[in-house]
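Inspection log for the structure reproduced underneath, given as C-alpha cells.
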Amino acid sequence: MRLVLVFLSALLPFSLSQGRDPLAWLYTRQSPGYYYGSVQALTAGGGDCPEECDCPPTFPVAMYCDGRGLTAMPSIPSRIKYLYLQNNAITAVPDSAVVNATNLVWLMMHHNQLRSDVFLKLEGLERLYLQHNNLTSIPPNLPRSLRDLRINHNHIEKVTPADLEGMDNLTILYLHDNAVSDMGASLKALKSLTLLDISGNKLTKVPDALPEHLHQLYLESNSIDSLPEGFLGGFTQLQYVRMARNQLTDKGIPANTFNVTGLVELDLSFNKLERIPIVSTTLQHLYLQANQIKEFTLGSFCSIVDVTNFSKLQTLRLDGNEIDRRDIPSESALCLRQASSIEV
Numbered sequence: 027m028r029l030v031l032v033f034l035s036a037l038l039p040f041s042l043s044q045g046r047d048p049l050a051w052l053y054t055r056q057s058p059g060y061y062y063g064s065v066q067a068l069t070a071g072g073g074d075c076p077e078e079c080d081c082p083p084t085f086p087v088a089m090y091c092d093g094r095g096l097t098a099m100p101s102i103p104s105r106i107k108y109l110y111l112q113n114n115a116i117t118a119v120p121d122s123a124v125v126n127a128t129n130l131v132w133l134m135m136h137h138n139q140l141r142s143d144v145f146l147k148l149e150g151l152e153r154l155y156l157q158h159n160n161l162t163s164i165p166p167n168l169p170r171s172l173r174d175l176r177i178n179h180n181h182i183e184k185v186t187p188a189d190l191e192g193m194d195n196l197t198i199l200y201l202h203d204n205a206v207s208d209m210g211a212s213l214k215a216l217k218s219l220t221l222l223d224i225s226g227n228k229l230t231k232v233p234d235a236l237p238e239h240l241h242q243l244y245l246e247s248n249s250i251d252s253l254p255e256g257f258l259g260g261f262t263q264l265q266y267v268r269m270a271r272n273q274l275t276d277k278g279i280p281a282n283t284f285n286v287t288g289l290v291e292l293d294l295s296f297n298k299l300e301r302i303p304i305v306s307t308t309l310q311h312l313y314l315q316a317n318q319i320k321e322f323t324l325g326s327f328c329s330i331v332d333v334t335n336f337s338k339l340q341t342l343r344l345d346g347n348e349i350d351r352r353d354i355p356s357e358s359a360l361c362l363r364q365a366s367s368i369e370v
C-alpha cells in the first residue's frame, strides 16, 4: 500500500506540469470494464441502479452512466451524490429524472447535446460540468449552491446579470471557447469567485465589475485593444493574468497598469506592444513574445538599480520582437539578477 501511495504522489506533479486536470480521476473510469462484475442494483439506501449504469458497491453514492450512448436521463436514486453522464447524447434534464436526486453534489454532463432549456432543481449541487454541449446561453435558475461551473466550449453569445444572480458560492467559472461578445456587469454578484476563464470569446473590452477576490484571470484569444484605468488596482489576491492573443497596444494600456504587488505571472504575448510595460518588482514570470517591441527598457523592471533594489523576475520572454540580445543593457544583470531565463 505504501508503494502505491508513493507512486501516485510521484505522478501528481507530472500531471500538473502536462496541463492535465488533477481532478480527472474523479470523473473518469480506469477502463471500460472497471466496474463491471460488481452488483448492478443496490436495493438498500435509495433505490435500484438503472440497468444502463454502474453503481459500484465500494462507492454506493456514485453512479456511472458515462459513454453509454444515452439520449435521455436515467432516473437517479436518492442516495446518489456523484453522477457521471459525460460522453452521451442527452439533450435535456427533465424534472422527472432528478426529482429524487436530493443529495446530488456533483453532476458531470460534459460532451452531450444539451440545449439552453436545461433546468435543474438541485439545491445541494456544488459541481456542474456542462462543457462541450449545444448551449446558446447559460441555463436559467441554476442551483445557487454551485461552487464549480464549467460551461466552456458551447455557443453562448451573451451573459447577463440575471444568469449568475445569487451565485454567492461560485469559486470557479469556465466560460472559455464560446462566442460571448458582451458580459456587462454580470460578474459583479460572484463575490467568492477566484478563477475566471473567459478566453477564446469575442470580447472587445474587459468585463465590468470583476470580482475582487480573483486569484486567476484568463482573457486570452479575444479582441481586447485597451484596458480601463486602474484595471488591476482593486484586487487583493490576484496572481495570474493571461491576456495573450488580443489586440493590445501601448496606447491602450494606462501607465502603471501592471505595476501592482502580488502579481506572479503576466502573459501579454501575441499582442501589438512596442514597449515593455512597467511591471512590479515582485512579478516573477513575464511573457511578451510575438509583439512589436523595439527597445529593451530596463526602467520597466527597476526604477532604481542598486544592491537592494532589484526585480524578482525569473522568466522573461521577448522572442519574436524587434530586438536581440545586443539590446540588453549591461546593468540589467544587477536589476534582473534572479532571472534564470531571458529569451530574445
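Count along the sequence shown from 1, add 26, and you get the number used in this note's numbering.
Every residue, glycine too, gets a C-beta built ideally from N, C-alpha and C.
Keep in mind the model is a prediction, meaning the values are calculated, not measured.
Proximity of P100 and C79 at Cβ, strictly below 7 Å: yes
Going by beta carbon distance, what residues of the same chain come within less than 7 Å of Q340, once the five residues before and after it are set aside? Q310, H311, Q364, A365, S366
Quick check on K214: does DSSP put it in helix, strand or coil? coil
Taking the alpha-carbon positions, what's the T97 to A123 distance? 13 Å
Could you pull out every unbroken alpha helix (DSSP H) segment of at least 4 residues lying fully inside the stretch 113 to 176, listed in chain order? 121 to 124
So, with DSSP's three-state summary, where would you put D276? helix
Quick one: what does DSSP say D208 is sitting in, helix, strand or coil? strand
Return helix, strand or coil for S358, following the three-state DSSP convention. helix
For D332, does the count of other Cβ atoms within 10 angstroms reach 16, so buried, or fall short, so exposed? exposed
Pair within 7 Å by beta-carbon distance, I304 and N272: no
Indicate whether Y200 and N180 have their beta-carbon atoms separated by less than 7 Å. no
By DSSP's criteria, M89 is part of a beta bridge. Which residues make up the other side? L109
Going by C-alpha distance, which of L264, Q265, I302 is nearest P280? I302
Endpoints, the beta strand (DSSP E) within which R268 is located: 266 to 268
Of all the beta strand (DSSP E) runs that stay within the bounds of the stretch 285 to 356, which reach a length of 3 or more residues? 291 to 293, 311 to 313, 341 to 343
Per-residue burial, E238 [other beta carbons within 10 Å of its own, 16 or more giving buried]: exposed
By Cβ distance below 7 Å, which residues in the same chain neighbour V286 in space, the five residues on each side in sequence not counted? L258, G259, S306
I224 versus L342: straight-line alpha-carbon distance, rounded: 25 Å
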